[in-house]
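Novice: What follows is a single structure, and I will ask about it in a moment.
Numbering (my numbering), first residue to last: 657 to 837.
See the structure below:
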């Protein structure tokens, strides 16, 4: 609204850009949530040992007499680790959005001039054996501290890319967690 009121002829924020943003919120945002929840259900059905640990942790923390709440996630490290591992193991958005380099840079020995369009392969990052032991296997424990009481994220974990955060990150995590609970 402010942009429209200022009537700045040099703005790049147009009605078409606004429409695109709204479309992303309802299209891409809901699709990633739906797909991720599907993978969570798949993992729970396919890895019964993990399902049993999730159930045990929920019963220990929440108990049988009340429904789980989002705030319970802080006390459910294994459940949180399962959520993180599902998102890593089945990277929902395998290819990042197109970006362009702001300056000349070098990546893995390749010179990339400023202004070059680049696209990150997030699936490759999440399945790189240099950074993940047995990357194609589903192992929620990889996100737990050695004592199993807290979650530890790898710097190579980037399901929503890096840099400016995805606007859906918090929404997605809440949906995934509530689905698991």
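Virtual Cβ for every residue (Gly too), placed ideally from N, Cα, C.
Note that the coordinates shown come from a computational prediction; the quantities given were computed from them, not determined experimentally.
Should residue 787 go down as buried or exposed, given a rule of 16 or more other Cβ atoms within 10 Å for buried?
Specialist: Residue 787 sits at position 131 when you count from the first residue of the chain shown. By the neighbour-count rule (16 or more Cβ atoms within 10 Å), residue 787 is not buried but exposed.
Novice: Is the shortest distance between the beta-carbon of residue 778 and the beta-carbons of chain B less than 7 Å?
Specialist: Checking the listed chains, one finds no chain B in this structure; it contains a single protein chain.
Novice: Would residue 733 be called buried (16 or more neighbouring beta carbons within 10 Å of its own) or exposed?
Specialist: Looking up residue 733 in the chain shown gives position 77. Under this definition residue 733 is a buried residue.
Novice: Could you say which of 730, 706, 810, 695 lies nearest to residue 717 if we only look at CA atoms?
Specialist: Residue mapping note: residue 717 aligns to position 61 of the chain shown, counting from 1. The option with the nearest alpha carbon to residue 717 is 730.
Novice: What distance in whole Å lies between the Cβ atoms of residue 743 and residue 692, which are believed to be in contact at a cut-off of 8 Å?
Specialist: Taking the chain shown and counting its residues from 1, the one referred to as residue 692 is at position 36. Taking the chain shown and counting its residues from 1, the one referred to as residue 743 is at position 87. Right, their Cβ atoms sit about 6 Å apart.
Novice: Nearest-angstrom Cα distance between residue 715 and residue 759?
Specialist: Reading the chain shown from its first residue, position 59 is the one you call residue 715. Reading the chain shown from its first residue, position 103 is the one you call residue 759. Using only the alpha carbons, I get a separation of about 52 Å.
Novice: Any idea what DSSP makes of residue 738, helix, strand or coil?
Specialist: The count along the chain shown starts at 1 and reaches residue 738 at position 82. Reduced to three states, the DSSP call for residue 738 is helix.
Novice: Terminal residues of the continuous beta strand (DSSP E) containing residue 705?
Specialist: Taking the first residue of the chain shown as position 1, residue 705 is located at position 49. Here residue 705 belongs to no beta strand (DSSP E); instead the alpha helix (DSSP H) covers 704-717.
Novice: Report yes or no: do three or more beta-carbon pairs, one from the segment 807-814 and one from the segment 771-788, lie closer than 8 Å?
Specialist: They touch, by the three-pair rule.
Novice: Going by C-alpha to C-alpha distance, which of 727, 739, 776, 711 sits closest to residue 751?
Specialist: Here residue 751 is taken as the residue at index 95 of the chain shown, counted from 1. Considering only alpha carbons, the answer is 776.
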